[in-house]
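Shown next, in C-alpha cells, is the structure this report addresses.
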Amino acid sequence: MPRILLIRHGEAAKAPGVEDPRLTPLGEQQAETLVQRLAQKRPLALVSSPKARARQTAMPLSRAWHQPMTIEPRVTEIPSPRELPLAQRGRWIRELLQRQWDQLEDHQLGWRREIKDYLVRLQVDAAVVCHFMVINSVVAAVRGDSRILQFRPDYTSVTELQLQEGSLTLVQCGEARTSQIL
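Yeah, the sequence shown ends on 182 if you go by this note's numbering, and it's all consecutive.
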C-alpha cells in the first residue's frame, strides 16, 4: 500500500505578471525546516512540479535523502481560463475557491483527471511537492466533495494519502493556513 505525501511548496515571491516565482528567503527556510520534519521518515521517491518554487522546496529533501527528484508536469498548477491575462490570475484563483469542480472548463477538468490518474498509478511511497490547487483537487476527489476549496494548506504542509488497490484514501490533511491569502 503506497503512501503518498502531497507537500505544498514554500512561500513564493508572487507578484502580478510573474509566471514562475521563486521562493522567498522565508520559503527557502521553510524548505530546510521540512527536511527536519521529515527526517524520521525513510527516503521516499521524490516528485516535483516543474514550477521553480516546487523544485526549490524539493531540493533540500533530494540532498538529505540522496534521492533524485523527478519533475512531473501533471502535478503543476491549475491552468487558467484561456485568454486570461497573467496579471488577473490571482483574482481568478480567489474567485475560483467559491465554486464547484464541475463548473470548470474542459482543459481544467482534464488537468484534474491527470493528477488523480498519475497518483493512483504510483507503485512506491512518494513525496510529491506541488501546489495549493493540486492538493485541494485531490482531497476533494478522495472525499467525493464537489467544492473546490477543501482547506487552505499552509506552505510546506504535508497531506498524507494511502493508495490501496487503485483507490486513494485520505490519512490526514496537512496544516492549514490561518490567513485567507493563498
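Even glycine gets a Cβ: it sits at the ideal position worked out from N, Cα and C.
Handout entry: For C173, the residue or residues it bridges with in DSSP
Key = Along the sequence shown, one-based indexing puts residue 173 at 173. DSSP lists no partner for C173.
Handout entry: DSSP three-state assignment for S167, whether helix, strand or coil
Key = Residue 167 sits at position 167 when you count from the first residue of the sequence shown. In the structure shown, S167 adopts extended strand secondary structure according to DSSP, grouped into three states.
Handout entry: For E160, three-class secondary structure by DSSP
Key = To locate residue 160, count along the sequence shown from 1; it is residue 160. It is a strand residue.
Exercise for the section: Provide the residue(s) that pair with V129 in DSSP beta bridges, ordered along the chain. Expected result: Walking along the sequence shown from the start, residue 129 turns up at place 129. V129 pairs with I7 and S48.
Exercise for the section: Less than 8 angstroms between the CB atoms is what I'm expecting for S146 and W111, so what's the real figure, rounded? Expected result: As a first step, residue 146 is located in the sequence shown; it is residue number 146 there, counting from the start. As a first step, residue 111 is located in the sequence shown; it is residue number 111 there, counting from the start. That belief does not hold up - the Cβ atoms of S146 and W111 are roughly 16 angstroms apart, past 8 angstroms.
Problem - Top-ranked residue by Cα proximity to Q98, from R177, I7, R152 and L163 - result: Position 98 of the sequence shown holds residue 98. When C-alpha distances from Q98 are compared across R177, I7, R152 and L163, the shortest belongs to R152.
Handout entry: Contact under 7 angstroms by Cβ, E72 with V35
Key = The residue you call residue 72 lines up with position 72 of the sequence shown. The residue you call residue 35 lines up with position 35 of the sequence shown. A distance of 7 angstroms or more separates the beta carbons of E72 and V35.
Handout entry: R94 (DSSP reduced to helix, strand or coil)
Key = Start at 1 with the first residue of the sequence shown, and residue 94 comes out as number 94. Helix at R94.
Exercise for the section: Excluding the 5 residues preceding and the 5 following C173 in the sequence, name in chain order all residues of the same chain whose CB lies nearer than 7 angstroms to its CB. Expected result: Counting from one through the sequence shown, the residue named residue 173 turns up at place 173. Answer for C173: V139, F151 and T159, listed in chain order.
Handout entry: Of the listed residues V75, A64 and H107, nearest to M133 (C-alpha basis)
Key = Locating residue 133 in the sequence shown gives position 133, counting from the first residue. Closest option to M133, Cα to Cα, is V75.
Practice task
Determine the extent of the beta strand (DSSP E) in which T33 is found, giving its start and end residues.
Solution key: As a position in the sequence shown, residue 33 is number 33, starting the count at 1. Boundaries for T33: no beta strand (DSSP E) harbours it, while the alpha helix (DSSP H) harbouring it runs P25 to R37, taken from the DSSP string.
Practice task
Only counting runs of 3 or more residues, tell me where the beta strand (DSSP E) segments fall wholly within the region 50 to 83, in order along the chain.
Solution key: Within the region 50 to 83, complete beta strand (DSSP E) segments of at least 3 residues are found at 69 to 71, given in chain order.
Exercise for the section: Given a cut-off of 7 angstroms, decide if V124 and A54 are closer than it, judged by their beta-carbon atoms. Expected result: Here residue 54 corresponds to residue number 54 of the sequence shown, with the count starting at 1. Here residue 124 corresponds to residue number 124 of the sequence shown, with the count starting at 1. Judged by beta-carbon spacing, V124 lies beyond the 7 angstroms limit of A54, meaning their Cβ atoms are not closer than that value.
Practice task
Tell me whether W65 is buried or exposed, calling it buried when 16 or more other Cβ atoms sit within 10 Å of its Cβ.
Solution key: Position 65 of the sequence shown, counted from the start, is the residue given in the question as residue 65. That one is buried.
Exercise for the section: Leaving aside the five residues before and after I78 along the sequence, list all residues of the same chain whose C-beta is less than 7 angstroms from its C-beta, in chain order. Expected result: As a position in the sequence shown, residue 78 is number 78, starting the count at 1. Only Q108, W111 and M133 meet the Cβ criterion.
Practice task
Please classify G188: is it buried, with 16 or more other beta-carbons within 10 angstroms of its beta-carbon, or exposed?
Solution key: No answer is possible for residue 188: it lies beyond the span of the chain, which begins at 1 and ends at 182.
Problem - Close beta carbons around P16, own chain, < 6 angstroms, minus the five adjacent residues each side - result: Counting from one through the sequence shown, the residue named residue 16 turns up at place 16. Within the same chain, P16 has close Cβ partners A87.
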